[in-house]
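Below is one structure, written out as structure tokens; the observations come after it.
Okay, structure coming up:
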């Protein structure tokens, strides 16, 4: 698998998911294989910071979080799509990304790649710029050492089907992989 795509919204087939599908379509048309995960379908325990991974062992939790984090580590790229709820990504997505600790601190697992991010929210476009910038830096650049391909910020959302330019933009970002 080349790229892992994580749908961080609990709402399947809604705005965030439609944008993710367009990004996936662009990447697939460039010849990439994508595995897509819906965060709400995953059983992921929160990292407890026990440090077992720092000794070169796998996470103590043998759940979907272990599977997905290893898929991310083995992939060339990652697409993360999330609405912004109460000023941040969804809680379930944050729990999964926290589990990357077990990969980034395991000396036996190399981690590099490219990431594209989709943020949807009800604020005006640019309203969450500082949060989005922080999220790009941490965890994606500092901890995961990922190259940021692009970020799609879709504010004042409404129905994304009424914003065809955003669907096209998502597709074009996917083509960058």
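Residue numbers (my numbering): 2 to 178.
Glycine included, every Cβ here is placed at the ideal spot set by N, Cα and C.
Original post:
Would you call residue 25 buried or exposed, if buried means 16 or more other Cβ atoms sit within 10 Å of its Cβ?
Top reply: Residue 25 should be labelled buried.
Original post:
Are the segment 145-153 and the segment 115-122 touching by the rule of at least three beta carbon pairs closer than 8 Å?
Top reply: yes
Original post:
What is the DSSP secondary structure of residue 110, counted as helix, strand or coil?
Top reply: DSSP places residue 110 in coil when its eight states are reduced to three.
Original post:
Among 99, 79, 75, which residue has its Cα nearest to the Cα of residue 109?
Top reply: Nearest in C-alpha terms to residue 109, of all of 99, 79, 75, is 75.
Original post:
Below 8 Å between beta carbons: does that hold for residue 101 and residue 140?
Top reply: yes
**OP:** Would you mind reading off the limits of the beta strand (DSSP E) that contains residue 140?
**Re:** Premise fails: residue 140 is in no beta strand (DSSP E) and is neither H nor E.
**OP:** Quickly, what does DSSP pair residue 11 with across the bridge? List them, please.
**Re:** Answer is none; residue 11 lacks a bridge partner.
**OP:** Could you say if the segment 80-97 and the segment 49-58 meet the contact criterion of at least three C-beta pairs nearer than 8 Å?
**Re:** No, the segment 80-97 does not touch the segment 49-58.
**OP:** Could you tell me whether the Cβ atoms of residue 73 and residue 5 are closer together than 8 Å?
**Re:** yes
**OP:** Count the other CB atoms, across all protein chains shown, that sit within 10 Å of the CB of residue 178; report buried if there are 16 or more and exposed otherwise.
**Re:** buried
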